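Chains as they are written, first to last, in the numbering used here: chain R, 1 to 167; chain X, 1001 to 1167; chain E, 2001 to 2167; chain A, 3001 to 3167. A virtual CB, placed ideally from N, CA and C, is assigned to each residue, including glycine. On a predicted model such as this, the values are computed, not experimentally measured, just so you know.
Number of protein chains: 4
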Amino acid sequence: MTPLPTWHCSVTVAAGGRNVDNDAASADRRIRTSFARQGLMRTLGATLGKVTSGQVEIVLVPKPEVSQQHGFVHAGAVSAIADSAAGYAALSMMPMDRGVLTTEFKINLLAPAMGERIVARGRVVKAGRTLTLAQTEVFAENEGKEQLIALLTATLMAIEGREGIAD
Amino acid sequence: MTPLPTWHCSVTVAAGGRNVDNDAASADRRIRTSFARQGLMRTLGATLGKVTSGQVEIVLVPKPEVSQQHGFVHAGAVSAIADSAAGYAALSMMPMDRGVLTTEFKINLLAPAMGERIVARGRVVKAGRTLTLAQTEVFAENEGKEQLIALLTATLMAIEGREGIAD
Amino acid sequence: MTPLPTWHCSVTVAAGGRNVDNDAASADRRIRTSFARQGLMRTLGATLGKVTSGQVEIVLVPKPEVSQQHGFVHAGAVSAIADSAAGYAALSMMPMDRGVLTTEFKINLLAPAMGERIVARGRVVKAGRTLTLAQTEVFAENEGKEQLIALLTATLMAIEGREGIAD
Amino acid sequence: MTPLPTWHCSVTVAAGGRNVDNDAASADRRIRTSFARQGLMRTLGATLGKVTSGQVEIVLVPKPEVSQQHGFVHAGAVSAIADSAAGYAALSMMPMDRGVLTTEFKINLLAPAMGERIVARGRVVKAGRTLTLAQTEVFAENEGKEQLIALLTATLMAIEGREGIAD
């Protein structure tokens, strides 16, 4: 096994339509308020990490309650925090009168999810008027090291003036 | 809005390598034993429905504990039961000394997940020696009617002789 | 290797908004006219097969011009006909003033694409006002037998009144 | 519309099993030899750009021969170069006795593909013994500017000692 280099990529976020670069404080407040309403996140024991406009972090501590049959964190739990991180990254750039719904996502699972903490980092790749593409990298943290264990891409749809769909 | 027809498709399951058409009783027993070890399914309150070789059903009753911020069932919870249904459909066709791990899935979310019950029906599309493709249709049941709310395709990898990875 | 059963699934197509069950003759005419404008299909040598409202078939004959490095049909060529079949299945159910664009697709490649003919059969899974989900099964035909070699799911976006985007 | 920041991400490439960091010159030679055998790339008029170990660039000039019905580059042609770029990024890190086959990919199409050149840049996200995950960003170049128009993630399977499957 050969040591391998670290690649760097940069993705330019291009906003379409009315998407906005909300200031960090208001984005943070908005996302925390909505996150507190996600019953599933509470049930899983997931917590919100760092939030900025276009980027959201969600943390999950492995435990038997979120496991699959081999004791690893269930792909469904990994997907749940990765999807929420992508969705909230998108929501953080929406005008205040619009919500978002996930229309599809794909996740590649690269290694069994285990360790001290599972950290999902979502970011907006392209913000459009109707559809936003976001991507989440999921890392397992162990003894101060991070390993990439999953990669998700999600399409989020902006919802406006539909009853029951707000932040 | 025009009433539209019902399409019928048929997918031939082709087995590669050592995959087997396990008899229904042993497939059922095997999957129930493994399902009981998935802490996440218990945490979500999901239950196993009908199991046959190559097809597995998982049921989730909507409740605040599995919700997203608008009160619908969280896409992550829908994905979790859909992924498990796909994985167990694959496992039901594996020789007894092999387990499976999800390597990737994609889910399209077609309508908000709400109703009396959410039912995920997974089936094997193609069983291969290393990789198996499975597909899960997720329905919302309400007043005796079913609506397709999500469609997932997943790749499962057969795992043999790897410590800690069995059924 | 054990002979395995054939599964049958049925997917109800539910129309949202203004989607229509165009009559077979007009759907056929509309799709053939548009298909003739797809330069790529002509370049690949792909031809249109059976067309009905919500279902479209595209055929490709393997040849060196569409191959990858091992001589099989390139995944990109398989994807191209599978995507077109999905897109035209969606278009066949659109009102006459609306076009469609693919916003995303995923394809699972199950076996090397080779044989006498590669046949992509797209059908609408759910027709919505803004987004339509379609699925394409791709088969390799050889000596009178069909083998499923790829499965694609695609999201198509309805486009209305946007210059340059019609059928 | 607000000007938006550029995000930076870094993905650590972790090699499993026998994957290697082939030197740039031999990776370049290997990929060029194989690319010359892909009949589809020649048919599309695609050319190989910069090649390093783990990263491969493919370029396509828009023209009627690769168009869809509105005159944009067909999603299938965009997918073809994006898939080849991902596959060759994976191959560039394989030992010399192993080839790769794409087992699945998903592509999100963010904007109509048009401009002077379409450039697909594939890179390995995680190289594993059996499966490698690669990601391709596709840009449209116009008047010296690049716009991200598509994002693909692909799973490549290492193939060893299988007749007809080499580079």
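Please list the terminal residues of the continuous beta strand (DSSP E) segment that includes residue i.
i	result
R/Phe139	131–142
A/Ala3158	3145–3160
X/Leu1048	1047–1052
X/Leu1109	1098–1109
E/Ala2113	From DSSP, E/Ala2113 is part of no beta strand (DSSP E); its letter is neither H nor E.
E/Glu2057	2055–2060
Measure the alpha-carbon distance for residue i versus residue j and round it to whole angstroms.
i	j	result
R/Ala140	R/Ala120	9 Å
R/Met96	X/Ala1127	47 Å
X/Ala1089	A/Ala3075	32 Å
E/Ala2025	E/Ala2158	22 Å
A/Thr3043	A/Val3138	19 Å
E/His2070	X/Ser1067	48 Å
E/Ile2118	R/Lys63	48 Å
X/Thr1136	X/Val1059	12 Å
X/Arg959	X/Ser1092	The displayed coordinates of chain X run from 1001 to 1167. Any statement about residue 959 of chain X would go beyond what the structure contains.
E/Gly2045	E/Glu2057	14 Å
X/Ser1084	X/Thr1047	11 Å
X/Gly1039	R/Ala77	11 Å
E/Glu2143	A/Ser3053	42 Å
R/Thr170	R/Leu133	Residue 170 of chain R is absent from the structure shown; chain R starts at 1 and stops at 167.
E/Phe2105	R/Met94	25 Å
R/Glu160	X/Pro1112	15 Å
A/Leu3148	A/Asn3108	11 Å
R/Ser61	R/Ala82	According to the sequence displayed, residue 61 of chain R carries Val and not Ser. Cα to Cα, R/Val61 sits roughly 14 Å from R/Ala82.
R/Leu110	R/Val73	13 Å
X/Ala1150	R/Glu65	25 Å
A/Glu3049	A/Thr3033	It should be noted that the sequence gives Gly, not Glu, for residue 3049 of chain A. Cα to Cα, the separation comes out at about 13 Å.
E/Glu2116	E/Met2041	18 Å
R/Thr155	A/Glu3146	22 Å
E/Gln2055	E/Met2114	24 Å
X/Val1124	E/Val2125	19 Å
Looking at the C-beta of residue i, does it have a partner C-beta in chain X at a distance below 8 Å?
i	result
A/Glu3160	no
A/Lys3106	yes
R/Thr2	Confidence at R/Thr2 is low in this model, with a pLDDT of 32, below 50, so the placement of that residue should be treated as unreliable; the coordinate-derived value is given next. No, no contact with chain X.
A/Thr3130	yes
E/Leu2133	yes
R/Gln173	No answer is possible for residue 173 of chain R: the residues shown for chain R start at 1 and end at 167.
R/Glu80	Per the sequence shown, residue 80 of chain R should be read as Ala rather than Glu. Yes, its Cβ sits closer than 8 Å to a Cβ of chain X.
For the alpha helix (DSSP H) containing residue i, list its first residue and its last residue.
i	result
R/Val78	75–91
R/Arg29	24–35
R/Gly39	39–44
Quick one: measure Cβ to Cβ for residue i and residue j, integer angstroms, because I've assumed they're closer than 8 Å.
i	j	result
X/Ala1027	X/Val1051	6 Å
A/Arg3080	A/Gly3122	Note that residue 3080 of chain A is Ala in the sequence shown here, rather than Arg. Rounded, the Cβ-Cβ distance is 12 Å, inconsistent with contact.
R/Thr130	E/Thr2130	7 Å
A/Asp3023	A/Gly3099	Actually they do not touch by this definition, with Cβ atoms about 19 Å apart.
Check whether chain R comes within 8 Å of residue i, counting only Cβ atoms and requiring the distance to be less than that.
i	result
E/Thr2155	yes
E/Lys2063	no
X/Ser1084	yes
E/Thr2043	no
X/Gly1076	yes
X/Ala1140	no
A/Leu3060	no
Of all the CB atoms in chain A, is at least one closer than 8 Å to the CB of residue i?
i	result
X/Lys1050	no
E/Val2148	Residue 2148 of chain E is actually Leu in this sequence, not Val. Chain A contact via Cβ: absent.
E/Arg2037	yes
E/Ala2090	no
E/Val2066	yes
R/Val125	yes
R/Thr151	In the sequence as presented, Thr is not what sits at residue 151 of chain R; that position holds Leu. Closer than 8 Å to some Cβ of chain A, the Cβ of R/Leu151 qualifies, so yes.
So that I know if they touch, is there some Cβ in chain E lying closer than 8 Å to that of residue i?
i	result
X/Leu1101	no
A/Asp3028	no
A/Asp3023	no
A/Asp3097	no
Between residue i and the ligand COA, is there a pair consisting of the residue's CB and a ligand heavy atom that are separated by less than 7 Å?
i	result
X/Pro1064	The ligand COA is not among the ligands present in this structure, which contains no ligands whatsoever.
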